Every structure is written in C-alpha cells, then in structure tokens.
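Engineer: I have a structure I would like to understand better, so I am pasting it below and will then ask my questions one at a time.
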Ligand SMILES: Cc1cc2nc3c(=O)[nH]c(=O)nc-3n(C[C@H](O)[C@H](O)[C@H](O)COP(=O)(O)OP(=O)(O)OC[C@H]3O[C@@H](n4cnc5c(N)ncnc54)[C@H](O)[C@@H]3O)c2cc1C
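Residue numbers (the numbering used here): 1059 to 1550.
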C-alpha cells in the first residue's frame, strides 16, 4: 500500500496547482450530497472536513430515510412530500445502503393520539407520498398487534397501524457517498481544516488548508465555496463573514442502543413518551435496538455535546413503558450518542415544533452555506446548491454524465460489523479514508457502538496496520490507543 501521508501530500500539492470549480467545507451527509451532485456534473471538486467524515451530526441520527410522519403535525407538507420522493430515490440509487422498514404505531386508551387519528395520519402520509409510496398502511387489532409484537404493553392497547419507511446507517451512507463521488473524479480529505479564507470577494478564492495528520499547510484556489458545516455554521459565519446574529438554533437529540429480546427486531415501534407525549422510536438497528430521540435546546459547542443521565432515563422510561417486561436500566445501555439538529431560528417554537427545512445563505459571490435539512433529502439539497451556484453564473452549465439514477457504492457496507483481518483493515484505510483507530472501529465498522466490548479485540491489529500505512511513530500509535480507550469509555 502507498504511504498514506505521502498520498495526502501529493494530492494536496496537485490540487494547489489547479483552480477548483468547487470547494466543499464539511464532510457530513450534506457536504457528501453536494459533492455527489457536483462530480456527477463533472465539476472539479474538493471536499474537506476538519475531523473525520460524518463525525458531526451525521452519525447521530435516528437512521431513518423517511418522509417524516411526525411532520404532518407541524403541517410541513412540502417537506414530507419531498422526503417521500427522496426516500424512493435512495432505495433505488443505494439499494445496499438503504432498505425498507416496517413501523408499528400502537394506540392506547387515554392517549392524545387515538387509533383513528393514527390511521388517518398514515393514510395522509401515504397520499402525500404520491407515486413514491411504499404500500398502504394496515390497521391491526389488539390481538393481531400482540401477535406481531408480543412484548408490547397490552393494558389499554386498542390496536395499531403498520406503515413503511426506509432505514440507512448514516455514517455508512455519508462515507459511501463521498467514496462514490471520488470514483467520479472528486477529491476528499478528512482531518483537513480550513484555517483561512482570502480573496473571498474575487472570482477565485484562496483557501488555506492544514493537514492535521502531517501538520503541513497548503493553499488551494476555488471559484466557489459551499459551507456544509451543520451546527458549526453560525460560529464560522461570524468568524469569516462578519455575521452578527445567530441564524440557527441547536437542539440536542440523544439515542441509546440496547440489546433486548422484548422487541421482535422485525419492525420499528413508534412510542408516545409517557413523560411529555413526544413521539420517540425503538428501531431495530444492526441486531440491536436504537431508542430515540430527545429534543432539547442546546447551547454548547458541537464537539462538546454530551448525553446526560436525564436523557438516558427519559429514553429508558419510555421504552420500559411500552415493553414492561424489558425492565431496562442504565447498565443495559451498550452505547449512547448525541447529535445537534440545526433548526431555523424562530423565537417561540419548541425544538420539536420547529421546521426541519434547511437554511441557505449567500456570503458574497460564489460562497454559500447550507445548514439543517435531513439525511433523507441530502441528494435534493445537493442539487439545490448546484442550481443556486449556476443561477449566480458561477458554474458553466454542464450536463450530467448520465441521466440514469446515480449508483452509490455499497462496498463499505460489506465491511460493517465484520471480523477484521489485516487485508480488510488495509482496504478500509486505503479506500475508505481511515486515519486512526476510532475512524475504523466507530464510523466504518460500527464496533464502537454495537459491540459491548467496543471492538477492543481489534485495536492492536488496527494500530499495527495504521502504523504501516501512515508510517506513524510508536508515540503516535500509543496516543491513538489511549485516545480510543478514552473515547470508548465515553460511549457507555
Ligand atoms: C438526533 C437527530 C436525529 C436525526 N434523525 C434523522 C433521521 O432519522 N432521518 C433524517 O433524514 N434526518 C435525521 N436527522 C437530521 C440529519 O441527521 C442531519 O440533518 C444531518 O446529519 C446534518 O448533516 P450535515 O452534513 O449538515 O452536518 P454534520 O453531519 O454535522 O457535518 C458538518 C461537518 O462539518 C465539519 N466542519 C465543521 N467546521 C469545519 C471547518 N472549519 N473545516 C472543515 N470541516 C468543518 C464537521 O467536522 C462535520 O463533519 C437527525 C438529526 C439529529 C440531530
């Protein structure tokens, strides 16, 4: 395998001598969507992330590719309609990464949502899906519901409604999208920070980059810049463009992952929290159950957001209410994750009532930021950004390579959760951008989140292959092991 430090250096040196059509800052799902669209249209594109790809919000979602049944309540019709369309498109474009999932929405006496309102809601959802629906909803009696989910609380159960949505592992989808865009001629570097923007009012902007692996700095030139930095948007816009006020509001969403036999693993279950009536989900994920989410205003910096005991207890209490025999406690939690939603500022709305639409801002000619939106709509958001740049006459109109649906490679999916060998680790390093132990055991193979042992068995082998690939010193490798140890403690 080529020395990976040298490979990064050569790549950045070559890029220094070109003028890029587009530099994308931020390698979460939004940046990945813009990159897919730009490379599909053959624009010279570089995407950089200050940390690992999908290490921001795009590994902490509920992992649903969905229209958003919940958004019917806030009457976000357009968002539901577009999301359903995108759900169908992703099922077609990324069949190894996105699949259909059945949902059960049980109804109980005394709850705000009656069986008939859920039934009506799912039909409305179905009609809004239009040509892109995944089948009609089905009403089930109490007995039928309990046959499907025997662990479900039977007391006061009136029945349930079954409907379908989609599911994808967010980090796998993000990294696979970046991988597919690179296969189409794009360039992507993680652990590469933007340290300075100059010439921002000129036709060609200069961007100073710091490779955080080697510590070297480079200056690349680009005609356009798209900032897809999610919860970092306000702080960077204040720093770079003299923005005075916050435009987005951050809301923390927590999930816990548990191992329980009380749920069948065949479908997700929607639960109205007995604490505040919010809709939460218990979703089968990678052989475990993902429970979430919370929705509370947050003011800490994105990299400091943490799961509190209160968050954990809220989710455990909700699950135990619906699956009383589960009797889950804090010690049953395999891992927990917190992410920050970007909601468009509105003074009075509660976080859960705020719109999930995205916010696009122009910061001078050829510089645009995008924040918010959904995992589900990332392809459409990417297309919107490219359309916006074209409408500003910032890009030549280029025809997509093909008018057929783009195929997003599912190769990474084959390495998820698998036992690791020297050869599979090398593959992950060389083709899927792993630079350290956590990249590999967390966002590529998911061992950190779903393995109670956190993939510790693989740490030495992974460290050895990384040292070989990057020519890391013994000290650097020891630091990585220590850092992984610390990180794995944080996820419990
Ligand atoms: C709890 C929760 C549950 C959700 N569930 C769902 C769901 O089920 N389905 C759905 O469709 N959507 C869901 N969403 C929404 C979805 O997850 C987000 O909209 C999406 O992940 C945001 O991606 P992003 O790329 O915009 O931001 P992020 O993923 O946060 O990416 C921003 C990136 O920018 C990088 N960055 C920041 N500053 C710099 C810099 N100076 N230089 C370089 N890089 C920088 C960061 O390192 C980061 O990787 C959920 C969101 C949350 C919080």
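For glycine and all other residues, C-beta sits at the position ideal for the given N, C-alpha and C. All figures in this text were calculated on a predicted structure; none of them were measured in a lab.
Taking Cβ positions, are residue 1233 and residue 1470 nearer each other than 7 Å?
Structural biologist: Counting from 1 along the chain shown, the entry for residue 1233 is found at position 175. Counting from 1 along the chain shown, the entry for residue 1470 is found at position 412. A contact, by the Cβ cut-off of 7 Å.
Engineer: On the premise that residue 1437 lies in contact with residue 1144, defined as a C-beta separation below 8 Å, what is that separation, rounded to the nearest angstrom?
Structural biologist: Mapped onto the chain shown, residue 1144 falls at position 86. Mapped onto the chain shown, residue 1437 falls at position 379. Residue 1144 to residue 1437, Cβ: 6 Å. Contact.
Engineer: Under the rule that 16 or more other beta-carbon atoms within 10 Å means buried, what is residue 1477, buried or exposed?
Structural biologist: Along the chain shown, one-based indexing puts residue 1477 at 419. Residue 1477 is exposed by the Cβ-count criterion.
Engineer: Answer with buried or exposed for residue 1389, where buried requires no fewer than 16 other C-beta atoms within 10 angstroms of its C-beta.
Structural biologist: Taking the first residue of the chain shown as position 1, residue 1389 is located at position 331. By the neighbour-count rule (16 or more Cβ atoms within 10 Å), residue 1389 is not buried but exposed.
Engineer: Please go through the same chain and pick out, in chain order, the residues whose beta-carbon is closer than 6 Å to the beta-carbon of residue 1327, but skip the five residues on each side of it.
Structural biologist: Residue mapping note: residue 1327 aligns to position 269 of the chain shown, counting from 1. If we look at residue 1327 and ignore the five residues flanking it on each side, its Cβ neighbours are 1162 and 1340.
Engineer: Residues in its own chain within less than 7 Å of residue 1420 by CB, not counting five upstream and five downstream?
Structural biologist: Working through the chain shown from its first residue, we reach residue 1420 at position 362. Cβ within range, chain order: 1426.
Engineer: List the endpoints of the continuous alpha helix (DSSP H) containing residue 1288.
Structural biologist: As a position in the chain shown, residue 1288 is number 230, starting the count at 1. Residue 1288 -> no alpha helix (DSSP H), and no H or E assigned at all.
Engineer: So, under 8 Å CB-CB, residue 1079 and residue 1115 are touching, yes? Tell me the CB distance rounded to an integer number of Å.
Structural biologist: Mapped onto the chain shown, residue 1079 falls at position 21. Mapped onto the chain shown, residue 1115 falls at position 57. Rounded, the Cβ-Cβ distance is 26 Å, inconsistent with contact.
Engineer: Measuring CA to CA, which of 1259, 1498 and 1473 is closest to residue 1517?
Structural biologist: As a first step, residue 1517 must be located in the chain shown, where it is residue number 459. Nearest option by C-alpha distance: 1498.
Engineer: Within its chain, find whatever has a CB closer than 6 Å to the CB of residue 1456; leave out the 5 residues flanking it on each side and keep chain order.
Structural biologist: By 1-based counting over the chain shown, the position of residue 1456 is 398. Hits under 6 Å: 1099 and 1100.
Engineer: Output needed for residue 1059: all residues of its chain with C-beta closer than 8 Å, excluding positions within five of it in sequence on either side, in chain order.
Structural biologist: What you label residue 1059 is simply residue 1 of the chain shown in a count that begins at 1. 1484, 1487, 1488, 1526 and 1527, listed in sequence order.
Engineer: Hey, quick one: how far does the alpha helix (DSSP H) through residue 1372 stretch, first residue to last?
Structural biologist: Stepping through the chain shown from its first residue, residue 1372 is reached at position 314. That run of the alpha helix (DSSP H) goes 1367-1380.
Engineer: Out of 1226, 1181 and 1109, which has the shortest C-alpha to C-alpha gap to residue 1474?
Structural biologist: Numbered from 1 along the chain shown, position 416 holds the residue referred to as residue 1474. That would be 1226, whose Cα lies nearest to the Cα of residue 1474.
Engineer: At which residues does the alpha helix (DSSP H) containing residue 1176 begin and terminate?
Structural biologist: Start at 1 with the first residue of the chain shown, and residue 1176 comes out as number 118. 1173-1187 is the span of the alpha helix (DSSP H), which, as asked, contains residue 1176.
Engineer: Buried or exposed for residue 1519, please, with buried defined as at least 16 other CB atoms from any protein chain shown within 10 angstroms of its CB.
Structural biologist: Here residue 1519 is taken as the residue at index 461 of the chain shown, counted from 1. Residue 1519 comes out exposed.
Engineer: Going residue by residue through the region 1208-1253, where are the continuous beta strand (DSSP E) segments of at least 3 residues, counting only ones entirely within it?
Structural biologist: Counting only runs of 3 or more, we get 1215-1226 and 1245-1247.
Engineer: For the alpha helix (DSSP H) containing residue 1419, list its first residue and its last residue.
Structural biologist: If you number the chain shown from 1, residue 1419 lands on position 361. That residue, residue 1419, is in no alpha helix (DSSP H); its beta strand (DSSP E) goes 1416-1420.
Engineer: Just curious, the alpha helix (DSSP H) that residue 1483 is in, first and last residue?
Structural biologist: Mapped onto the chain shown, residue 1483 falls at position 425. First-last of the alpha helix (DSSP H) with residue 1483: 1480-1489.
Engineer: Let me know the secondary structure DSSP gives residue 1435 once reduced to three states.
Structural biologist: Reading the chain shown from its first residue, position 377 is the one you call residue 1435. Looking at residue 1435 - three-state DSSP - the assignment turns out to be coil, as it is neither helix nor strand.
Engineer: Could you check whether the Cβ of residue 1145 sits closer than 6 Å to any heavy atom belonging to ligand 1?
Structural biologist: As a position in the chain shown, residue 1145 is number 87, starting the count at 1. Checking every heavy atom of ligand 1 against the Cβ of residue 1145, none is found closer than 6 Å.
Engineer: Nearest to residue 1265 by alpha carbon, out of 1271, 1259, 1280 and 1272?
Structural biologist: Within the chain shown, the letter at position 207 stands for residue 1265. Taking only the C-alpha atoms, the option nearest residue 1265 is 1280.
Engineer: Put residue 1255 into one of helix, strand or coil per three-state DSSP.
Structural biologist: Locating residue 1255 in the chain shown gives position 197, counting from the first residue. It is a strand residue.
Engineer: Thinking just about the alpha-carbon of each residue, which of 1480, 1295 and 1203 is nearest to the one in residue 1522?
Structural biologist: In the chain shown, counting from the first residue as 1, residue 1522 sits at position 464. The candidate whose alpha carbon is nearest that of residue 1522 is 1480.
Engineer: Is any non-hydrogen atom of ligand 1 found closer than 6 Å to the C-beta of residue 1122, if you look at the structure I gave you?
Structural biologist: Start at 1 with the first residue of the chain shown, and residue 1122 comes out as number 64. Yes, the Cβ of residue 1122 comes within 6 Å of a heavy atom of ligand 1.
Engineer: Please report the Cβ distance between residue 1186 and residue 1135, rounded to the nearest whole angstrom; I am assuming they are in contact, meaning their Cβ atoms lie under 8 Å.
Structural biologist: On the chain shown, residue 1186 is found 128 positions in, with the first residue counted as 1. On the chain shown, residue 1135 is found 77 positions in, with the first residue counted as 1. Between residue 1135 and residue 1186 the Cβ distance is about 7 Å, and since that is below 8 Å, they are a contact.
Engineer: Name the residue from 1442, 1501, 1529 and 1195 whose alpha carbon lies nearest to the alpha carbon of residue 1228.
Structural biologist: By one-based count along the chain shown, residue 1228 stands at place 170. Residue 1228 has its Cα closest to that of 1501, out of 1442, 1501, 1529 and 1195.
Engineer: Can you tell me the Cβ-Cβ gap for residue 1345 and residue 1313, rounded? I've got them flagged as a contact below 8 Å.
Structural biologist: For the purposes of this step, residue 1345 is taken as the residue at position 287 of the chain shown. For the purposes of this step, residue 1313 is taken as the residue at position 255 of the chain shown. The pair is not a contact, with the Cβ atoms about 16 Å apart (cut-off 8 Å).
Engineer: What are the partner residues of residue 1347, as DSSP defines its beta bridges?
Structural biologist: Residue numbering aside, residue 1347 sits at position 289 when the chain shown is read from its first letter. For residue 1347, which the question treats as bridged, DSSP gives the partners 1316 and 1342.
Engineer: What does a CB cutoff of less than 7 Å around residue 1053 pick up in its chain, not counting 5 residues either side in sequence?
Structural biologist: Because the chain in this structure spans residues 1059 to 1550, residue 1053 falls outside the shown range and cannot be described.
Engineer: Give the range of the alpha helix (DSSP H) segment to which residue 1264 is assigned.
Structural biologist: For the purposes of this step, residue 1264 is identified with residue 206 of the chain shown, where counting begins at 1. Unbroken run through residue 1264 is the beta strand (DSSP E), 1263-1269; no alpha helix (DSSP H).
Engineer: Where does residue 1440 sit, in a helix, a strand or coil, going by DSSP?
Structural biologist: By 1-based counting over the chain shown, the position of residue 1440 is 382. In the structure shown, residue 1440 sits in a helix (DSSP, three-state: H, G or I).
Engineer: Using a Cβ-based criterion (distance less than 6 Å to any ligand heavy atom), does residue 1115 qualify as near ligand 1?
Structural biologist: By one-based count along the chain shown, residue 1115 stands at place 57. Because some heavy atom of ligand 1 lies under 6 Å away, the Cβ of residue 1115 counts as near it: yes.
Engineer: So residue 1430 is in the beta strand (DSSP E); what residue range does that whole segment cover?
Structural biologist: Residue mapping note: residue 1430 aligns to position 372 of the chain shown, counting from 1. Where residue 1430 is concerned, the enclosing beta strand (DSSP E) stretches over 1425-1430.
Engineer: Assess contact between the region 1330-1338 and the region 1365-1376, defined as three or more Cβ pairs (one per stretch) separated by less than 8 Å. Is contact present?
Structural biologist: Short answer: they touch.
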